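Visitor: Take the sequence shown: its letters are residues 27 to 177, numbered as in the working numbering. Here a beta-carbon is modelled for each residue, glycine too, at the ideal position from N, C-alpha and C. Keep in mind the model is a prediction, meaning the values are calculated, not measured.
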Amino acid sequence: MLESIKAWGNVTIERYKLPNGLQVILALKPDSPTFAYYTWFNVGSRHEKKGKTGIAHFFEHLLFKESKNLKEGEFDRLMEAHGANTNASTWVDWTNYYEVLPSDEEKVELVVRLEAERMSNMILNEKQINSEREVIKNERRFRVDNDVEGT
27 MLESIKAWGN VTIERYKLPN GLQVILALKP DSPTFAYYTW FNVGSRHEKK GKTGIAHFFE
87 HLLFKESKNL KEGEFDRLME AHGANTNAST WVDWTNYYEV LPSDEEKVEL VVRLEAERMS
147 NMILNEKQIN SEREVIKNER RFRVDNDVEG T
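1. How is the beta strand (DSSP E) around residue 61 delimited, first residue to last?
2. Could you tell me whether the stretch 151-163 touches the stretch 86-95, where touching means 3 or more Cβ pairs closer than 8 Å?
3. Is residue 116 closer than 7 Å to residue 82 when the C-beta atoms are compared?
4. Among the residues of its own chain, which have a CB less than 7 Å from the CB of residue 137, if the five just before and after it don't count?
5. Look up residue 75 in the DSSP assignment and say whether it is helix, strand or coil.
6. How many whole angstroms separate the CB atoms of residue 158 and residue 114, which I take to be in contact at a CB cut-off of 8 Å?
7. In the stretch 112-169, which residue ranges form an unbroken alpha helix (DSSP H) of at least 4 residues, counting only runs that do not cross its ends?
8. Looking at C-alpha atoms only, which residue of 79, 133, 60, 99 is the closest neighbour of residue 163?
9. Among residues of its own chain, excluding the 5 on either side of residue 68, which ones have a beta-carbon nearer than 8 Å to its beta-carbon?
10. If I measure Cβ to Cβ from residue 123 and keep anything under 6 Å in the same chain, skipping five residues before and after, which residues do I get?
11. Is residue 96 helix, strand or coil when you go by DSSP?
12. Where does the unbroken alpha helix (DSSP H) through residue 82 begin, and where does it stop?
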């Protein structure tokens, strides 16, 4: 552990750095009925090259698809079966993924296992790429092209 601090009330924040460089930050609140699991990557739209934009957002979508040990849709089905709220977002400097579930040690282990699976064993194939390309094009049309302010 790199550090442990009392934050507010009965919340303790612990920060770890694993041998592979991954930083883990835990905000522990023992009496909470839920827990949130966030995965943050320090990559976003500002890291893209002119003419090759949208890659960070594209990968955000693809990580919800198939992996070596999870069929397409299985991640979402497992999360829903355990009462999870999941989502992801891409911004200028970061991309994040999160799950919020009822507090339960088995659910924590499930989320860690599933996140490790999809982060390390993502499968990219032409079918998924083409499918998500259309989804992202539709999002752009809805959020950018049809925005009266053009933002």
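Guide: In short, the structure shows the following:
1. 60-67
2. yes
3. yes
4. 63, 125, 127
5. strand
6. Not quite, the Cβ-Cβ distance comes to about 13 Å (not below 8 Å), so this is no contact.
7. 131-146, 152-166
8. 79
9. 119, 120
10. 65, 114
11. strand
12. 81-88
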